[in-house]
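K.L.:
Using the numbering used here, read the sequence shown as starting at 675 and increasing by one per residue.
For glycine and all other residues, C-beta sits at the position ideal for the given N, C-alpha and C.
A quick note: this is a predicted structure, and the numbers were derived from the prediction, not measured.
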Amino acid sequence: MRVGFSVCILHGEIQHKIICKKLEPQNTVFQAELEALGEAVDWAIENKKKINIYADSRSSIEALKSYGSRSKFVISIKNKFCLAEGLVGLVWVKAHDGIPGNELADHFAKLASVEGECMDIPFPYSFVKFTPKKKLLEDSQIYYGAYETASGNRIRGFVPRVDTKI
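Here it is, written out as structure tokens:
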């Protein structure tokens, strides 16, 4: 399933600009939330406008506040905030609490996951780490299940599946 994000630029309650993008199925919601913040900052810099970003992703805000992040992706978004030099404020809001701009952004994010412009960002480390492992385990199980000898059948009576705790 693809994830998407949207950035809703509002002036008062009037829609000024809506940015909708979708990511690859391997990308995470966390990455989408961070990229949305980065896109909003980019818009503020390009348009030389002071903005407040209202985000319902506490994890994204905490990642940006942390000093110990080694994620290149998180660091790149932090750098965008630094480049904005006081143009951007960041405020956490409770999700699904009836805040018009946030509800609008959630609505367009759902649409973006299907109809948004495709955007390539690096896959998360977890995907790169666990995909080969998952494939290895699947292939091992197929081989193990297909091993047709008397001893193989006997062993499968005690150990029906390949151990996944590699």
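Assign Cys792 to one of two classes, buried (16 or more other C-beta atoms within 10 Å of its C-beta) or exposed (fewer than that).
P.N.:
By 1-based counting over the sequence shown, the position of residue 792 is 118. By the 10 Å Cβ count, Cys792 comes out exposed.
K.L.:
Determine whether the beta carbon atoms of Ile735 and Trp717 lie at a separation below 9 Å.
P.N.:
Stepping through the sequence shown from its first residue, residue 735 is reached at position 61. Stepping through the sequence shown from its first residue, residue 717 is reached at position 43. No, Cβ-Cβ distance for Ile735 and Trp717 is not below 9 Å.
K.L.:
Contact between the segment 738-758 and the segment 703-712 is defined here as three or more beta-carbon pairs at a separation below 8 Å; is this criterion met?
P.N.:
yes
K.L.:
State buried or exposed for Leu697, treating a residue as buried only when at least 16 other CB atoms are found within 10 Å of its CB.
P.N.:
Position 23 of the sequence shown, counted from the first residue, corresponds to residue 697. Burial call: buried.
K.L.:
Give the DSSP-derived three-state secondary structure of Gly686 in the structure shown.
P.N.:
Against the sequence shown, residue 686 aligns to sequence position 12. Three-state result, Gly686: coil.
K.L.:
Using a Cβ cut-off of 9 Å (strictly closer), state whether Leu738 contacts chain C.
P.N.:
No chain C is present in this structure, which holds just one protein chain.
K.L.:
By Cβ distance below 7 Å, which residues in the same chain neighbour Ser751 in space, the five residues on each side in sequence not counted?
P.N.:
Here residue 751 is taken as the residue at index 77 of the sequence shown, counted from 1. The sequence as given places Ile at residue 751; Ser does not occur at that position. So the list reads Leu708, Leu711, Gly712, Leu738, once near-sequence residues are dropped.
K.L.:
Tell me the rounded alpha-carbon separation between Ile719 and Ala758.
P.N.:
Position 45 of the sequence shown, counted from the first residue, corresponds to residue 719. Position 84 of the sequence shown, counted from the first residue, corresponds to residue 758. Each residue's Cα considered, the two are about 6 Å apart.
K.L.:
Can you check which of these residues, Gly763, Gln700, Lys691, Asp837, is closest to Ile795 by C-alpha distance?
P.N.:
As a working note, residue 795 is residue 121 in the sequence shown. Considering only alpha carbons, the answer is Gln700.
K.L.:
Could you have a look at Asn726 and say whether DSSP puts it in helix, strand or coil?
P.N.:
Taking the first residue of the sequence shown as position 1, residue 726 is located at position 52. It is a strand residue.
K.L.:
From the DSSP secondary-structure annotation, give me the bridge partner or partners of Phe878.
P.N.:
With the chain covering only 675 through 840, there is no way to say anything about residue 878.
K.L.:
What residue from Lys768, Ser733, Gly760, Ile773 has the CA that sits closest to Cys682's CA?
P.N.:
Along the sequence shown, read from residue 1 onward, the residue named residue 682 stands at position 8. Of the candidates Lys768, Ser733, Gly760, Ile773, Ile773 places its Cα closest to the Cα of Cys682.
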